[in-house]
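Numbering (the numbering used here), first residue to last: 28 to 428. Only one structure is covered here, and it is reproduced in the block below.
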Amino acid sequence: TSPPISPPISPRPQTTTTTPAAPPVELSAAGDGQYLVVPITGVIGEESFNSGLERALKHAMQKRIARVVLDIDTPGGLVDEASAMAKAIAAHREAMAKSGLKAEFIALVRNAISAGIWLALSCEQMFIVEGGVIGGAVAFSVDHTTGAAEVDAKMNSIYAAEVSALADRHGYPAAVVKAMMIMSEQCWAWTDAEGRWRVEAEKPRENADKAWKVDGAATVLTLRSGEAERLGMARVVGTPDAQALGPALGLEGWKSAGDAGGDAMAWAKGQAEKDLARAKKQVEEIRDLRQEISTINDTLLPRAFERANNAHPHNWRYTVFRDTGNFTPESRQDWVRRTDEALAAWEDVQNGMRKLDRLDKRHEQLTGEPYFNRTQARFVAKDIDKVISDLRTNRNRASPP
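Right, dumping it as structure tokens:
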């Protein structure tokens, strides 16, 4: 028998910045009582992916499964990936509505830290496992030159607006969400004169001594299960088993639609691992290309140029007939031999330049940009062609130039 679920709490607290929680979703018989669990576990963008969520939601659409339980246990991860997942959920709702079936998302939170709140707040209803945690959603930007991570105040403000809109849409207190994302935000909770539970960003003027300071201006809000329940964010459950949610939802015939959600996430993780392996291989290839290009450009080609210049037949003395100025037979042989040696040396330079060009084109194919000045290299290549052409033209001449 699954551990008991706490009884439903009173309606979520109303504030001046939130709308009432959505009424219970009435589903057609096609989806009644059936649910699909989609695990959002590990680091978002490393172990849980939008592609996996979209694949799971496509299955739910095809099988007419209206209820999706997001089993959330994440320390956070890539904000862009989490934001994309929230958008995928919204798109799925719209697509299901067009098909005549109203979708409902239920968050089963073990831990929804940082980027994980995008997923939790995308759901109409939230349950949090006893001892679970939600919040602490501060965005960091990474300086790729130093590897240092710094709080990105501008992006935090943008993301806070995005997530607050999610919260407002599903009846969660926006003041709580902002306090989870922006350090300077405060959050207060109290019962007003009419007996209504209120959660707002500013301390009340009346009965201020009875107000609960949920979060101050020097911290980022993180809520434990009991606090989340008290603030109307979620209901506490004693088990992470989605099967136990049926009674709390007041549904009979509550049953799992199978493991397609987990399979979809496993598929996405497998694809990501393949992509990562390809990316690592590509990074290694780029590194090797740069090393080879540098070796050719900085060491091998300069040596080849030096050998070719030193091998030029003009660098040697030759014997000629006084009356005609033509080579003697021995000098004629020397001229031809040295010309051939120079041609071979310059052809080595030419081959080195061609290899450098091939390597750099591959570098550009992989990275989108060349690694060295190819325009300058083309001018050098033309000069080499001219030297080789002149050597071939003069190889069989009868007298020195």
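For every residue, glycine included, the Cβ atom is placed at its ideal position computed from N, Cα and C. Values in this document were obtained by computation on a predicted structure and should not be read as measured data.
#1: For Arg359 and Thr366, I'd like the C-alpha separation in whole angstroms.
#2: For Phe406, count neighbouring C-beta atoms within 10 Å of its own C-beta (all shown protein chains included) and say buried if the count is 16 or more, exposed if not.
#3: Going straight from the alpha carbon of Thr121 to that of Gly379, what length do you get?
#4: Identify every residue that forms a DSSP beta bridge with Cys214.
#5: Which value, in whole angstroms, describes the spacing of the CA atoms of Val52 and Leu128?
#6: Hey, quick one: how far does the alpha helix (DSSP H) through Asn353 stretch, first residue to last?
#7: Can you tell me where the beta strand (DSSP E) with Val264 in it begins and where it stops?
#8: Are there 16 or more other CB atoms within 10 angstroms of the CB of Val310, so buried, or fewer, so exposed?
#9: Counting only runs of 4+ residues fully inside the segment 393-423, write out the alpha helix (DSSP H) ranges in chain order.
#10: Nearest to Leu258 by CA position, among Gly198, Phe132, Met88, is which residue?
#11: Can you look up Arg365 in the DSSP assignment and give me helix, strand or coil?
#12: With DSSP as the reference, identify every bridge partner of Phe76, one or two as the case may be.
#13: Buried or exposed: which applies to Arg314, given that a residue is buried once 16 or more other Cβ atoms fall within 10 Å of its Cβ?
#14: What residues in its chain sit with their C-beta under 6 Å from that of Trp281, if we drop five residues either side in the sequence?
#15: Is the beta carbon of Ala287 sitting closer than 7 Å to the one on Phe76?
#16: Might you give, ordered along the chain, the residues of its own chain that have their beta carbon closer than 7 Å to the beta carbon of Val263, omitting 5 neighbours on each side?
#17: So, does the segment 70-86 touch the segment 104-121, judging by three or more C-beta pairs under 8 Å?
#18: What residues are listed by DSSP as bridge partners for Lys282?
#19: DSSP three-state call for Leu148: helix, strand or coil?
#20: So, for Tyr345: in the same chain, excluding its five sequence neighbours on each side, which residues have a beta-carbon less than 7 Å away from its beta-carbon?
#21: Rounded to whole angstroms, what's the CA-CA distance from Ala194 to Arg91? Just pull it up for me.
#22: Pick out whichever of Leu328, Pro397, Glu396, Lys388 has its Cα sitting closest to the Cα of Gln377.
#23: Can you tell me the Cα-Cα spacing of Phe332 and Arg349, whole angstroms?
#24: Secondary structure at Leu386, three-state DSSP: helix, strand or coil?
#25: Restricting to Cα atoms, I'd like to know which of Val65, Ala369, Gly104 is closest to Thr420.
#26: Just tell me which of Glu131, Arg94, Val95, Gly143 has its CA closest to the CA of Gly72.
#27: From His341 to Thr322, what distance separates their C-alpha atoms?
#28: Within 10 angstroms of its Cβ, does Gly297 collect 16 or more other Cβ (buried), or is it exposed?
#29: How many angstroms separate the CA atom of Val414 from the CA atom of Glu374?
#30: On the DSSP bridge assignment, give the partners of Tyr315 in chain order.
#31: For Ile161, which of Asp219, Gly289, Val203 has the nearest alpha-carbon?
#32: Can you tell me whether DSSP reads His339 as helix, strand or coil?
#33: Could you check whether the segment 91-109 touches the segment 298-305, counting it as contact only if at least three pairs of C-beta atoms, one from each stretch, sit closer than 8 Å?
#34: Buried or exposed: which applies to Leu148, given that a residue is buried once 16 or more other Cβ atoms fall within 10 Å of its Cβ?
#35: Which residue's Cα is closest to the Cα of Ala372: Leu383, Arg389, Asn336, His119?
According to the structure data:
#1: Sequence index remark: in the sequence shown, residue 359 carries index 332 (1-based). Sequence index remark: in the sequence shown, residue 366 carries index 339 (1-based). For Arg359 and Thr366, the distance between alpha carbons rounds to 11 Å.
#2: Position 379 of the sequence shown, counted from the start, is the residue given in the question as residue 406. Phe406 should be labelled exposed.
#3: In the sequence shown, counting from the first residue as 1, residue 121 sits at position 94. In the sequence shown, counting from the first residue as 1, residue 379 sits at position 352. Thr is not the amino acid found at residue 121; the sequence shown has Glu there. Approximately 60 Å between the Cα atoms of the pair.
#4: Position 187 of the sequence shown holds residue 214. Cys214 pairs with Asp242.
#5: As a first step, residue 52 is located in the sequence shown; it is residue number 25 there, counting from the start. As a first step, residue 128 is located in the sequence shown; it is residue number 101 there, counting from the start. Bear in mind that a pLDDT of 40 at Val52, under 50, signals an unreliable position, so the number given afterwards is only what the model happens to contain. Computed Cα separation, rounded: 10 Å.
#6: Reading the sequence shown from its first residue, position 326 is the one you call residue 353. In the DSSP annotation of this structure, Asn353 is not part of any alpha helix (DSSP H), being labelled neither H nor E.
#7: As a first step, residue 264 must be located in the sequence shown, where it is residue number 237. Looking at the DSSP string, the run of the beta strand (DSSP E) that includes Val264 is 262-264.
#8: As a working note, residue 310 is residue 283 in the sequence shown. Burial call: exposed.
#9: 401-421
#10: Translated into the one-based positions of the sequence shown, residue 258 becomes position 231. If we check each option's Cα against that of Leu258, Gly198 comes out closest.
#11: If you number the sequence shown from 1, residue 365 lands on position 338. DSSP places Arg365 in helix when its eight states are reduced to three.
#12: Stepping through the sequence shown from its first residue, residue 76 is reached at position 49. By DSSP's assignment, Phe76 forms no beta bridge with any residue.
#13: As a working mapping, residue 314 is identified with position 287 in the sequence shown. Exposed.
#14: Translated into positions along the sequence shown, residue 281 becomes position 254. Gly60, Gly273.
#15: In the sequence shown, residue 287 corresponds to position 260, counting from 1. In the sequence shown, residue 76 corresponds to position 49, counting from 1. Taking the C-beta atoms as reference points, Phe76 is found no nearer than 7 Å to Ala287.
#16: Start at 1 with the first residue of the sequence shown, and residue 263 comes out as number 236. When the five nearest sequence neighbours on each side are left out, the beta carbons in the same chain lying within less than 7 Å of the beta carbon of Val263 are those of Ser33, Ile155, Glu157, Ser252, Gly253, Glu256, in order along the chain.
#17: yes
#18: Sequence index remark: in the sequence shown, residue 282 carries index 255 (1-based). DSSP lists Gln61 as partners of Lys282.
#19: Sequence index remark: in the sequence shown, residue 148 carries index 121 (1-based). For Leu148, the three-state secondary structure derived from DSSP is coil.
#20: Here the question's residue 345 lines up with position 318 in the sequence shown. The answer, listed in chain order, is Phe354, Ser358, Asp361, Trp362, Pro427.
#21: As a first step, residue 194 must be located in the sequence shown, where it is residue number 167. As a first step, residue 91 must be located in the sequence shown, where it is residue number 64. So the two alpha carbons sit approximately 26 Å from each other.
#22: Taking the first residue of the sequence shown as position 1, residue 377 is located at position 350. Out of Leu328, Pro397, Glu396, Lys388, Leu328 has the C-alpha closest to the C-alpha of Gln377.
#23: As a first step, residue 332 must be located in the sequence shown, where it is residue number 305. As a first step, residue 349 must be located in the sequence shown, where it is residue number 322. Spanning the two alpha carbons is a distance of roughly 35 Å.
#24: As a working mapping, residue 386 is identified with position 359 in the sequence shown. Leu386 falls in the helix class under three-state DSSP.
#25: Reading the sequence shown from its first residue, position 393 is the one you call residue 420. Answer by Cα proximity: Ala369.
#26: On the sequence shown, position 45 is the one that residue 72 refers to. If we check each option's Cα against that of Gly72, Gly143 comes out closest.
#27: Stepping through the sequence shown from its first residue, residue 341 is reached at position 314. Stepping through the sequence shown from its first residue, residue 322 is reached at position 295. Spanning the two alpha carbons is a distance of roughly 30 Å.
#28: As a first step, residue 297 must be located in the sequence shown, where it is residue number 270. The residue is exposed, with fewer than 16 neighbouring Cβ atoms inside 10 Å.
#29: Along the sequence shown, read from residue 1 onward, the residue named residue 414 stands at position 387. Along the sequence shown, read from residue 1 onward, the residue named residue 374 stands at position 347. Spanning the two alpha carbons is a distance of roughly 10 Å.
#30: Here residue 315 refers to the residue found at position 288 when the sequence shown is read from its first residue. Per the sequence shown, the amino acid found at residue 315 is Asp instead of Tyr. DSSP lists no beta-bridge partner residue for Asp315.
#31: Along the sequence shown, read from residue 1 onward, the residue named residue 161 stands at position 134. Among Asp219, Gly289, Val203, the Cα nearest to that of Ile161 belongs to Val203.
#32: As a first step, residue 339 is located in the sequence shown; it is residue number 312 there, counting from the start. Correct three-state label for His339: coil.
#33: no
#34: If you number the sequence shown from 1, residue 148 lands on position 121. Looking at its Cβ environment, which holds 16 or more other Cβ atoms inside 10 Å, Leu148 is buried.
#35: Position 345 of the sequence shown, counted from the first residue, corresponds to residue 372. The shortest C-alpha separation from Ala372 is found at Asn336.
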